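Visitor: One structure, pasted below without further comment.
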Amino acid sequence: MTALEKGRPDRPVLSVRDLRVTVRTQGQELEVLSDVGFDLRPRQTLGIVGESGSGKSMTAFAVMGLLARNARVTDGQVLLGDVDLLSLDRRQLSDVRGRDIGMIYQEARRSLNPAFTVGDQIAEVVRRHQGASRKEARARVVELLDMVRIPRAAERMHDYPHMFSGGMCQRVMLAIALACEPKVLIADEPTTALDVTVQASVLSLLHDLQDELGMALLLITHDLGVVADICDDVAVMYAGRIVERAPVDDLFLRPAHPYTEGLLGAIPNVLAPSDRFVAIPGSVPPLDSMPQGCRFHPRCPYAEDRCTTEQPPLIRADAGHGSACVRVHELELQGVATRV
Amino acid sequence: MSDLVEVQGLRKAFAGRKRFGRKKAEPVAAVDDVSFSIPAGETLALVGESGAGKSTVGRMAIRLIEPDSGSVTFDGGDVLALGSAELRRWRRNAQMVFQDPFTSLDPHLVIGQTIEESLQVHGVGDREERHERMLGLLDRVGIRPDQADRYPFEFSGGQLQRIAIARALAPEPRFIVCDEPVAALDMSIRASVLNLLRDLQEERGLSYLFVTHDLSLVRAIAHRTAVMRQGRIVEMGPTQRVFDSPEHPYTRTLLAAVPIPDPRIQRDRSRTVGQEVSPAELEEAPASTEDADPEWTTPANTLPVEDGLVAGPGRDDEVVVGLEKRSPSE
Numbered sequence: 001m002t003a004l005e006k007g008r009p010d011r012p013v014l015s016v017r018d019l020r021v022t023v024r025t026q027g028q029e030l031e032v033l034s035d036v037g038f039d040l041r042p043r044q045t046l047g048i049v050g051e052s053g054s055g056k057s058m059t060a061f062a063v064m065g066l067l068a069r070n071a072r073v074t075d076g077q078v079l080l081g082d083v084d085l086l087s088l089d090r091r092q093l094s095d096v097r098g099r100d101i102g103m104i105y106q107e108a109r110r111s112l113n114p115a116f117t118v119g120d121q122i123a124e125v126v127r128r129h130q131g132a133s134r135k136e137a138r139a140r141v142v143e144l145l146d147m148v149r150i151p152r153a154a155e156r157m158h159d160y161p162h163m164f165s166g167g168m169c170q171r172v173m174l175a176i177a178l179a180c181e182p183k184v185l186i187a188d189e190p191t192t193a194l195d196v197t198v199q200a201s202v203l204s205l206l207h208d209l210q211d212e213l214g215m216a217l218l219l220i221t222h223d224l225g226v227v228a229d230i231c232d233d234v235a236v237m238y239a240g241r242i243v244e245r246a247p248v249d250d251l252f253l254r255p256a257h258p259y260t261e262g263l264l265g266a267i268p269n270v271l272a273p274s275d276r277f278v279a280i281p282g283s284v285p286p287l288d289s290m291p292q293g294c295r296f297h298p299r300c301p302y303a304e305d306r307c308t309t310e311q312p313p314l315i316r317a318d319a320g321h322g323s324a325c326v327r328v329h330e331l332e333l334q335g336v337a338t339r340v
Numbered sequence: 001m002s003d004l005v006e007v008q009g010l011r012k013a014f015a016g017r018k019r020f021g022r023k024k025a026e027p028v029a030a031v032d033d034v035s036f037s038i039p040a041g042e043t044l045a046l047v048g049e050s051g052a053g054k055s056t057v058g059r060m061a062i063r064l065i066e067p068d069s070g071s072v073t074f075d076g077g078d079v080l081a082l083g084s085a086e087l088r089r090w091r092r093n094a095q096m097v098f099q100d101p102f103t104s105l106d107p108h109l110v111i112g113q114t115i116e117e118s119l120q121v122h123g124v125g126d127r128e129e130r131h132e133r134m135l136g137l138l139d140r141v142g143i144r145p146d147q148a149d150r151y152p153f154e155f156s157g158g159q160l161q162r163i164a165i166a167r168a169l170a171p172e173p174r175f176i177v178c179d180e181p182v183a184a185l186d187m188s189i190r191a192s193v194l195n196l197l198r199d200l201q202e203e204r205g206l207s208y209l210f211v212t213h214d215l216s217l218v219r220a221i222a223h224r225t226a227v228m229r230q231g232r233i234v235e236m237g238p239t240q241r242v243f244d245s246p247e248h249p250y251t252r253t254l255l256a257a258v259p260i261p262d263p264r265i266q267r268d269r270s271r272t273v274g275q276e277v278s279p280a281e282l283e284e285a286p287a288s289t290e291d292a293d294p295e296w297t298t299p300a301n302t303l304p305v306e307d308g309l310v311a312g313p314g315r316d317d318e319v320v321v322g323l324e325k326r327s328p329s330e
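Quick mapping for you: the protein sequence lines, in order, are chains E and Z.
Be aware that the first sequence starts at 1, since it is given in full-length UniProt numbering, and climbs by one per residue.
Be aware that the second sequence starts at 1, since it is given in full-length UniProt numbering, and climbs by one per residue.
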């Protein structure tokens with residue numbers, strides 16, 4: 001029985017609402033996430049894209065309850081089913097992490113403990129969350145390594161992380177994250193450190209496993225090519241806010257926020273030779289000097305006076321498509337046009 | 001146009017990691033018989049995955065690393081024959097822009113000093129003249145001259161890379177090796193740095209060796225492209241040719257693996273790539289260099305040399321395709 005048949009498919013497994021996070025630094029309390037909200041349904045892949053400092057990783061950490069000590073959630077909810085993760089204590093949270101929500105990070109090798117075999121590290125999760133015996137855990141480890149397509153699983157479980165390549169380490173991480181068949185997998189730049197050919201195989205594995213296990217995937221990335229590859233829906237973040245949210249085709253073909261248009265214009269495409277790169281002028285504003293109104297307005301070619309004062313919530317542009325631009329209904333923005 | 005930089009048969013082996021129980025560390029061939037040339041005013045992109053040896057080649061081309069064998073010719077002169085004083089003088093001609101501007105600029109010097117130092121080392125002008133030139137260079141790369149007395153930490157990554165470019169430009173070189181110059185930058189910033197590099201090339205007739213793992217950039221910046229794998233160039237030719245009709249299976253694999261930022265196209269492509277990549281192959285593929293990710297292998301040595309293509313420099317067992325005699329650049 002698949003997850004689709006099991007539950008009501010439309011009910012989100014993870015629902016983030018109006019999330020606000022502040023960071024205390026040098027005596028100031030700076031807001032790093034403002035009104036971040038999204039739903040994640042079973043089997044859905046939601047991509048969160050943004051540049052450095054946009055808050056995309058911070059969002060993942062806030063969901064997992066892994067914020068740094070100087071950061072705190074000041075408002076909002078993170079609902080896993082009916083449970084608000086923000087209301088759980090440390091012990092309860094650690095039951096959820098690894099069991100209901102799995103997470104993988106950019107540098108897989110650094111996330112693994114160099115002093116233990118990969119088998120031990122996978123077994124630890126199974127024993128912690130499912131109370132398996134050593135023997136049961138060992139059998140499960142072999143199953144999991146097989147599942148992430150690591151050849152000769154029964155032998156390789158006795159190897160240490162340094163004996164695996166970067167892509168293989170990411171597979172081990174994936175085995176750990178998926179050991180308890182979580183409802184949600186959060187992947188924070190899972191392929192950024194990998195070579196393109198290895199990236200292709202890891203993305204394809206992620207895609208297959210999602211089909212097999214029916215989990216929802218929250219994919220955090222700066223790479224719009226990766227988004228186009230495996231996401232169903234996309235949220236674009238800029239300076240701590242979601243500025244656009246849309247089904248993947250809509251976002252690429254009919255962007256509704258000037259920042260998204262800018263990004264799509266700035267990324268090179270191997271299939272579409274261009275003579276010039278279109279740059280977005282300026283750079284992401286630092287946290288302590290966020291512009292008033294729309295945070296993108298100083299870099300926006302379409303900015304008007306009201307953009308300097310008004311910051312709208314996501315305005316509906318189309319079915320399932322929202323944009324935080326006050327001019328969303330006036331602008332005709334350019335999407336990708338790959339000539340093949 | 002004549003070739004400004006010509007590299008022939010470069011080889012470099014590094015001492016490998018000493019394995020437990022062995023007396024000696026085996027040398028690892030990082031670069032194995034690499035040859036290319038770059039005409040004045042043109043860009044050659046050197047692409048490949050990590051461990052392919054592309055950065056080592058970039059450094060050998062300006063003698064930051066001494067090759068074990070081979071030759072480097074600049075404007076007809078033998079670079080490898082230069083003595084240390086001559087080499088220092090020659091370096092005016094050939095500069096480098098590194099990947100990470102946060103670490104490649106001296107954090108203790110204000111940026112103006114960094115650039116003036118470059119001028120001073122190469123004996124350009126007197127103090128006042130150097131100051132004037134420094135201000136002009138900053139202005140040219142889009143940094144306000146009144147920011148010359150700021151420290152690197154006061155700038156963003158994109159600005160720092162512009163400053164690093166200004167430093168490279170200072171002694172008025174004719175050749176710049178750009179080693180992943182935008183890899184550390186955010187996507188909205190990359191475009192403007194790449195455009196700057198292109199504009200400078202047009203203005204000053206610079207030649208670039210552009211080292212990158214990101215194939216999607218190459219198309220818009222490089223006249224010619226060389227694809228490296230495991231220390232060797234497996235395919236080289238005019239960029240458009242290499243991209244539109246790649247000859248070597250590895251080039252094809254590499255191109256197929258680059259995700260296209262267009263979901264309509266990417267969805268179909270990626271599933272085929274995924275299927276080609278069998279995990280057994282991934283794991284078993286031998287790598288020639290110590291740090292190469294041994295995850296990918298291609299059926300090498302299977303490709304016939306086609307009509308109109310000249311088998312590249314090298315032995316019979318190498319497959320070097322797409323090495324076409326260059327016609328005058330269009």
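Think of the CB as a built atom: it goes at the ideal place given N, C-alpha and C, for glycine as much as any other residue.
Computed from a prediction, not measured in an experiment: that's the story for all the values here.
Taking the straight line between their C-alpha atoms, what separation do you get for Arg63 of chain Z and Leu80 of chain Z?
Guide: Taking the straight line from one Cα to the other gives about 7 angstroms.
Visitor: Please report the straight-line C-alpha distance between Ala280 of chain Z and Pro151 of chain E, rounded to a whole angstrom.
Guide: Unreliable positioning characterises Ala280 of chain Z in this predicted model, as indicated by a pLDDT of 37, which lies under 50. The coordinate reading is nonetheless provided below. The alpha-carbon atoms of Ala280 of chain Z and Pro151 of chain E are separated by roughly 6 angstroms.
Visitor: Measuring CB to CB, does Thr56 of chain Z end up less than 9 angstroms from Ser207 of chain Z?
Guide: Going by C-beta atoms, Thr56 of chain Z is not nearer than 9 angstroms to Ser207 of chain Z.
Visitor: Just to confirm the assignment: which complete beta strand (DSSP E) runs, minimum length 3, are found wholly within the region 111 to 181 of chain Z?
Guide: Qualifying beta strand (DSSP E) stretches, in chain order: 175 to 179.
Visitor: Please tell me whether His213 of chain Z and Tyr151 of chain Z are closer than 9 angstroms, where the distance is taken between their beta carbons.
Guide: Not a contact, by the Cβ cut-off of 9 angstroms.
Visitor: Would you please state the rounded distance, in angstroms, between the beta carbons of Cys180 of chain E and Val141 of chain E? I believe it to be under 8 angstroms.
Guide: So it is not a contact: roughly 13 angstroms between Cβ atoms.
Visitor: Phe277 of chain E touches chain Z at which residues, Cβ-Cβ below 8 angstroms?
Guide: Correct list: Arg190, Ala191, Ser192, Leu194, Asn195 and Ala220.
Visitor: Cα separation between Ala13 of chain Z and Ala30 of chain Z?
Guide: Going by the C-alpha atoms only, they are around 5 angstroms apart.
Visitor: Under the three-state reduction of DSSP, which class applies to Ala61 of chain Z: helix, strand or coil?
Guide: Three-state result, Ala61 of chain Z: helix.
Visitor: From this set, Z:Gly123, Z:Thr225, Z:Gly112 and Z:Leu169, which residue's C-alpha is nearest Glu203 of chain Z's C-alpha?
Guide: Residue Z:Leu169 is the option with its Cα nearest to Glu203 of chain Z.
Visitor: Please list, in chain order, the residues of the region 28 to 51 of chain Z that have any C-beta partner in chain E closer than 7 angstroms.
Guide: Within the region 28 to 51 of chain Z, the residues whose Cβ lies closer than 7 angstroms to some Cβ of chain E are Glu49 and Ser50, listed in chain order.
Visitor: With H, G and I counted as helix, E and B as strand and the rest as coil, what does DSSP make of Glu276 of chain Z?
Guide: Bear in mind that the predicted position of Glu276 of chain Z carries a pLDDT of just 43, short of 50, making it unreliable; the figure below should be weighed with that in mind. The answer is helix: DSSP assigns Glu276 of chain Z an H, G or I state.
Visitor: Can you list, in chain order, the residues of its chain whose CB lies under 6 angstroms from that of Ile230 of chain E, leaving out five sequence neighbours each side?
Guide: Thr45, Leu203 and His207.
Visitor: Give the DSSP-derived three-state secondary structure of Leu219 of chain E in the structure shown.
Guide: Reduced to three states, the DSSP call for Leu219 of chain E is strand.
Visitor: Distance check for Val218 of chain Z and Gly237 of chain Z, CA to CA, integer angstroms please.
Guide: If you take the alpha carbons of Gly237 of chain Z and Val218 of chain Z, they lie about 13 angstroms apart.
Visitor: Can you pull the chain E neighbours of Pro263 of chain Z, defined as C-beta to C-beta under 7 angstroms?
Guide: Chain E residues near Pro263 of chain Z: Ala228, Val248, Asp249 and Phe252.
Visitor: Compute the Euclidean distance between the alpha carbons of Gln201 of chain Z and Leu194 of chain Z, then round it to the nearest angstrom.
Guide: Roughly 11 angstroms between the two C-alpha positions.
Visitor: DSSP on Gln210 of chain E, reduced to helix/strand/coil?
Guide: Of the three classes helix, strand and coil, the one that applies to Gln210 of chain E here is helix, per DSSP.
Visitor: Okay, do the region 210 to 217 of chain E and the region 254 to 263 of chain E touch, 3+ Cβ pairs below 8 angstroms being the bar?
Guide: Taking 8 angstroms as the limit for Cβ pairs, the verdict is that the region 254 to 263 of chain E does not touch the region 210 to 217 of chain E.
Visitor: Going by Cα to Cα distance, which pick from Z:Arg229, Z:Thr225 and Z:Ile221 is closest to Ser245 of chain Z?
Guide: Ser245 of chain Z has its Cα closest to that of Z:Thr225, out of Z:Arg229, Z:Thr225 and Z:Ile221.
Visitor: Which chain Z residues are close to Glu51 of chain E, counting only those with a beta carbon under 9 angstroms from its beta carbon?
Guide: The contacting residues are Asp186, Met187, Ser188 and Ile189.
Visitor: Measuring straight from C-alpha to C-alpha, what distance separates Ala324 of chain E and Leu145 of chain E?
Guide: The alpha-carbon atoms of Ala324 of chain E and Leu145 of chain E are separated by roughly 43 angstroms.
Visitor: Beta-carbon within less than 7 angstroms of Asp10 of chain E's beta-carbon, same chain only, minus the 5 sequence neighbours each way: which residues are those?
Guide: Correct list, in chain order: Arg41.
Visitor: For Ala239 of chain E, which three-state DSSP category applies?
Guide: Correct three-state label for Ala239 of chain E: coil.
Visitor: Between the alpha carbons of His329 of chain E and Ala317 of chain E, how many angstroms are there, rounded?
Guide: Roughly 7 angstroms separates the two Cα atoms.
Visitor: Can you check whether the C-beta of Asp307 of chain Z is within less than 9 angstroms of a C-beta belonging to chain E?
Guide: A caution first: Asp307 of chain Z carries a pLDDT of 31, below 50, which makes its placement in the model unreliable, though a value can still be read off. No, Asp307 of chain Z does not count as interfacial toward chain E.
Visitor: Going along the chain, which unbroken runs of the alpha helix (DSSP H) with 4 or more residues stay wholly within the region 109 to 187 of chain E?
Guide: 118 to 130, 134 to 147, 153 to 156 and 166 to 178, all fully within the region 109 to 187 of chain E.
Visitor: Output the boundary residues of the alpha helix (DSSP H) element that contains Ala191 of chain Z.
Guide: First-last of the alpha helix (DSSP H) with Ala191 of chain Z: Met187 to Arg204.
Visitor: Look at Ala279 of chain E and Ala266 of chain E and say whether their C-beta atoms are less than 9 angstroms apart.
Guide: Yes. Within cutoff.
Visitor: Please give the ranges of any beta strand (DSSP E) in the region 3 to 64 of chain Z, keeping only runs that are unbroken, at least 3 residues long and fully inside the region.
Guide: Entirely contained in the region 3 to 64 of chain Z, the beta strand (DSSP E) runs reaching 3 residues are, in chain order, 3 to 15, 27 to 39 and 43 to 47.
Visitor: Would you check if there are 3 or more beta carbon pairs closer than 8 angstroms linking the region 95 to 114 of chain Z to the region 172 to 184 of chain Z?
Guide: Contact holds: three or more Cβ-Cβ distances are below 8 angstroms.
Visitor: Throw me the rounded Cβ distance for the Ala193 of chain E and Met147 of chain E pair, which I believe falls under 8 angstroms.
Guide: No, Ala193 of chain E and Met147 of chain E are not in contact; Cβ-Cβ is about 22 angstroms, not under 8 angstroms.
Visitor: Taking the CB atoms as reference points, tell me whether residue 362 of chain E and Leu263 of chain E lie closer together than 9 angstroms.
Guide: Here chain E covers residues 1 to 340 and nothing more, so residue 362 of chain E does not appear.
Visitor: Locate the beta strand (DSSP E) running through Ile48 of chain E, then write down its first and last residues.
Guide: That run of the beta strand (DSSP E) goes Thr45 to Val49.
Visitor: Could you tell me how far apart the beta carbons of Gly70 of chain Z and Val5 of chain Z are, in whole angstroms, since I believe they sit closer than 8 angstroms?
Guide: At roughly 13 angstroms, the Cβ-Cβ gap does not stay under 8 angstroms, so Gly70 of chain Z and Val5 of chain Z are not in contact.
Visitor: Between the C-alpha atoms of Ala337 of chain E and Pro67 of chain Z, what's the straight-line distance to the nearest angstrom?
Guide: When rounded, the distance between both Cα atoms is 45 angstroms.
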